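Undergrad:
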Amino acid sequence: MDQQLEVFATVAETENFSRAAERLHMTQPAVSQYIKSLEKSMNARLFDRSNKYVRLTKAGEVVYHHAKEILGLYTNMHALVDDLTNHASGTITIGASYTYGEYVLPEVLKELKEEAPDVTPAVTIGNTKEIVKLVADYELDVGIIEGDVTHDNLTIEPFETDAMYVIASPAHPLVGQHSCNPKELEKESWIIREEGSGTRKMTEKFFESAGISPEKTLEFGSTQLIKESVEAGLGISFLSHWTFRREQKAEELCILNVTSLPMQRNFSIVSRSLFRSKAMEIFLEKVIQKSSARP
Numbered sequence: 001m002d003q004q005l006e007v008f009a010t011v012a013e014t015e016n017f018s019r020a021a022e023r024l025h026m027t028q029p030a031v032s033q034y035i036k037s038l039e040k041s042m043n044a045r046l047f048d049r050s051n052k053y054v055r056l057t058k059a060g061e062v063v064y065h066h067a068k069e070i071l072g073l074y075t076n077m078h079a080l081v082d083d084l085t086n087h088a089s090g091t092i093t094i095g096a097s098y099t100y101g102e103y104v105l106p107e108v109l110k111e112l113k114e115e116a117p118d119v120t121p122a123v124t125i126g127n128t129k130e131i132v133k134l135v136a137d138y139e140l141d142v143g144i145i146e147g148d149v150t151h152d153n154l155t156i157e158p159f160e161t162d163a164m165y166v167i168a169s170p171a172h173p174l175v176g177q178h179s180c181n182p183k184e185l186e187k188e189s190w191i192i193r194e195e196g197s198g199t200r201k202m203t204e205k206f207f208e209s210a211g212i213s214p215e216k217t218l219e220f221g222s223t224q225l226i227k228e229s230v231e232a233g234l235g236i237s238f239l240s241h242w243t244f245r246r247e248q249k250a251e252e253l254c255i256l257n258v259t260s261l262p263m264q265r266n267f268s269i270v271s272r273s274l275f276r277s278k279a280m281e282i283f284l285e286k287v288i289q290k291s292s293a294r295p
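For reference, each letter of the sequence shown is one residue, going 1 to 295 in full-length UniProt numbering.
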């Protein structure tokens with residue numbers, strides 16, 4: 001059954017029988033036979049076919065969702081059993097929100113490679129909402145996310161506290177003031193992250209707690225672009241200290257002395273199962289160690 005589902009999922013993802021056959025190193029007739037057999041067992045047509053496309057039917061969408069879950073469980077089962085007698089090896093699929101993924105994860109992966117060279121990490125960077133969905137849908141083994149998240153089918157384990165500040169360019173008139181009242185910031189141009197981002201959620205939480213509603217905002221999907229825009233004087237922003245430590249040290253960005261800041265949030269590990277492969281355990285050890293070693 002696992003072979004049948006793998007063929008089905010590959011056809012669904014490539015939307016083409018020939019490309020699926022190439023990816024699976026099979027003949028096209030063999031792929032077609034697997035699909036016919038699965039459709040017969042499900043008593044439903046799973047694909048709409050034409051000379052131009054192959055697309056999932058409504059029944060096919062249901063089967064695809066569960067097929068990915070079953071294949072993920074099957075792969076994880078093999079990895080866990082293999083771990084009982086072998087050293088850490090294989091691929092682990094890791095997701096991370098932008099702040100952790102771009103500014104902390106590379107150091108963790110370097111240490112993982114040194115201790116477990118036969119482990120191959122496959123990394124996806126996205127906002128918190130995207131990473132949680134990918135873990136829940138069995139597209140990722142584990143995620144590192146930011147902010148407060150709940151999910152009925154996932155385990156959420158906070159492991160690190162993050163500090164959030166309002167930042168500006170060194171030339172900004174508010175830099176160097178003993179204290180900025182949040183109301184002074186309401187008239188500023190704010191450069192913020194997109195919806196679904198943990199940083200965006202914290203920014204909105206800061207606005208609410210400060211009782212301000214900025215009139216001018218720019219929305220960017222990249223923390224790096226936000227930092228460069230703030231440095232260029234296009235506005236101010238609310239970011240994790242992890243993201244701008246180097247620029248602060250180089251005096252390219254400055255923290256504004258705002259009442260009630262810094263605001264704290266969590267980084268958390270999100271996963272589906274209590275059973276973890278040896279490769280996963282080593283990776284998570286490195287994540288925790290990096291947190292403990294943080295100055």
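Yeah, the Cβ is synthetic: ideal placement off N, Cα and C, and Gly gets one too. Just so it is clear, the structure is predicted and the values come from calculations on it, not from any experiment.
Bridge partners for Gly235 per DSSP, in chain order?
TA: For the purposes of this step, residue 235 is taken as the residue at position 235 of the sequence shown. Its beta-bridge partners do not exist; DSSP assigns none.
Undergrad: Within this structure, are the beta carbons of Leu140 and Gly196 separated by less than 7 Å?
TA: Within the sequence shown, numbered from 1, the residue matching residue 140 stands at position 140. Within the sequence shown, numbered from 1, the residue matching residue 196 stands at position 196. For Leu140 and Gly196, no; Cβs fall outside 7 Å.
Undergrad: Please list, in chain order, all residues of the same chain as Ile131 whose beta carbon is under 8 Å from its beta carbon, the five residues on each side excluded.
TA: Numbered from 1 along the sequence shown, position 131 holds the residue referred to as residue 131. Counting only Cβ-Cβ distances below 8 Å, and skipping sequence neighbours, we find Gly95, Ala96, Ser97, Thr124, Leu140, Gly143, Ile144, Ile145, Val270.
Undergrad: Mind checking if Thr259 is an interface residue toward chain C, Cβ cutoff 7 Å exclusive?
TA: No chain C appears in this structure, which consists of one protein chain only.
Undergrad: In angstroms with no decimal places, state the Cα-to-Cα distance between Thr259 and Leu154.
TA: Sequence index remark: in the sequence shown, residue 259 carries index 259 (1-based). Sequence index remark: in the sequence shown, residue 154 carries index 154 (1-based). Taking the straight line joining both Cα atoms gives about 36 Å.
Undergrad: Can you check the stretch 117-141 for any alpha helix (DSSP H) of at least 4 residues that lies completely inside it and give the ranges in chain order?
TA: DSSP runs (the alpha helix (DSSP H)) wholly in the stretch 117-141: 128-136.
Undergrad: Quick one: what does DSSP say Asp162 is sitting in, helix, strand or coil?
TA: To locate residue 162, count along the sequence shown from 1; it is residue 162. Strand at Asp162.
Undergrad: Check this for me: beta carbons of Tyr138 and Lys68, under 7 Å apart or not?
TA: Counted from its first residue, the sequence shown places residue 138 at position 138. Counted from its first residue, the sequence shown places residue 68 at position 68. For Tyr138 and Lys68, yes; Cβs fall inside 7 Å.
Undergrad: Checking the sheet assignment: what are the DSSP bridge partners for Gly90?
TA: Locating residue 90 in the sequence shown gives position 90, counting from the first residue. Val119.
Undergrad: Between the C-alpha atoms of Asn266 and Ser240, what's the straight-line distance to the nearest angstrom?
TA: For the purposes of this step, residue 266 is taken as residue 266 along the sequence shown, with counting starting at 1. For the purposes of this step, residue 240 is taken as residue 240 along the sequence shown, with counting starting at 1. Rounded to whole angstroms, Asn266 to Ser240 spans 11 Å at the Cα level.
Undergrad: For Ser32, I'd like the list of residues in its chain whose CB is within less than 8 Å of its CB, leaving aside the five on either flank, ordered along the chain.
TA: Along the sequence shown, one-based indexing puts residue 32 at 32. Closer than 8 Å at Cβ, skipping near neighbours: Phe17.
Undergrad: Counting pairs of beta carbons, one from the stretch 198-217 and one from the stretch 225-242, are three or more of them closer than 8 Å?
TA: Output reads yes: the stretch 225-242 touches the stretch 198-217.
Undergrad: Would Val287 pass as a contact of Val108 if the rule is Cβ separation under 7 Å?
TA: For this step, residue 287 is matched to residue 287 along the sequence shown. For this step, residue 108 is matched to residue 108 along the sequence shown. Yes, they are a contact pair.
Undergrad: Which first and last residues belong to the beta strand (DSSP E) in which Glu219 is found?
TA: Position 219 of the sequence shown, counted from the start, is the residue given in the question as residue 219. First-last of the beta strand (DSSP E) with Glu219: 216-219.
Undergrad: Kindly list the residues whose CB is nearer than 7 Å to the CB of Met280, restricted to its own chain and excluding five residues on each side of it in sequence; keep chain order.
TA: Along the sequence shown, one-based indexing puts residue 280 at 280. Around Met280: Ile92, Asp141, Val142.
Undergrad: List, from N- to C-terminal side, the alpha helix (DSSP H) runs of 4 residues or more that fit wholly inside the UniProt domain "HTH lysR-type" (1-57).
TA: Fully enclosed alpha helix (DSSP H) runs of 4 or longer: 2-14, 17-24, 28-42.
Undergrad: Which residue marks the beginning of the beta strand (DSSP E) containing Gln264, and which one marks its end?
TA: The residue given as residue 264 occupies position 264 in the sequence shown. From DSSP, the beta strand (DSSP E) with Gln264 extends over 263-271.
Undergrad: On the DSSP letters alone, give me the boundaries of the beta strand (DSSP E) that Ser189 sits inside.
TA: Residue mapping note: residue 189 aligns to position 189 of the sequence shown, counting from 1. Where Ser189 is concerned, the enclosing beta strand (DSSP E) stretches over 189-192.
Undergrad: Cβ atoms of Val62 and Leu46: under 7 Å apart, would you say?
TA: Numbered from its first residue, the sequence shown carries residue 46 at position 46. Numbered from its first residue, the sequence shown carries residue 62 at position 62. No, the Cβ-Cβ distance between Leu46 and Val62 is not below 7 Å.
Undergrad: Name the one or two DSSP bridge partners that Ile156 has.
TA: Translated into the one-based positions of the sequence shown, residue 156 becomes position 156. Its beta-bridge partners are Val270.
Undergrad: Looking only at its chain, what residues have a beta carbon closer than 8 Å to the beta carbon of Ser222, apart from the 5 residues adjacent to it on each side?
TA: Counting from one through the sequence shown, the residue named residue 222 turns up at place 222. Only Tyr98 meet the Cβ criterion.
Undergrad: Closest by CA to Gln3, which one among Glu15, Ser89, Leu24, Ala12?
TA: The residue you call residue 3 lines up with position 3 of the sequence shown. Here the closest residue by C-alpha is Leu24.
Undergrad: Take every Cβ of the stretch 155-169, pair it with every Cβ of the stretch 113-120, and state whether three or more of those distances are shorter than 8 Å.
TA: Output reads no: the stretch 113-120 does not touch the stretch 155-169.
Undergrad: With a CB to CB cut of under 7 Å and the five nearest residues on each side skipped, what residues in its chain are close to Asp48?
TA: Residue 48 sits at position 48 when you count from the first residue of the sequence shown. Closer than 7 Å at Cβ, skipping near neighbours: Arg55, Thr57.
Undergrad: According to DSSP, which residues form a beta bridge with Ala250?
TA: Position 250 of the sequence shown, counted from the first residue, corresponds to residue 250. Per DSSP, none; premise fails for Ala250.
Undergrad: Rounded to whole angstroms, what is the Cα-Cα separation between Phe283 and Gly235?
TA: The residue you call residue 283 lines up with position 283 of the sequence shown. The residue you call residue 235 lines up with position 235 of the sequence shown. Cα to Cα, Phe283 sits roughly 38 Å from Gly235.
Undergrad: In terms of alpha-carbon separation, which member of Ala250, Gln289, Pro182 lies closest to Phe238?
TA: By one-based count along the sequence shown, residue 238 stands at place 238. Of Ala250, Gln289, Pro182, the residue nearest in Cα terms is Pro182.
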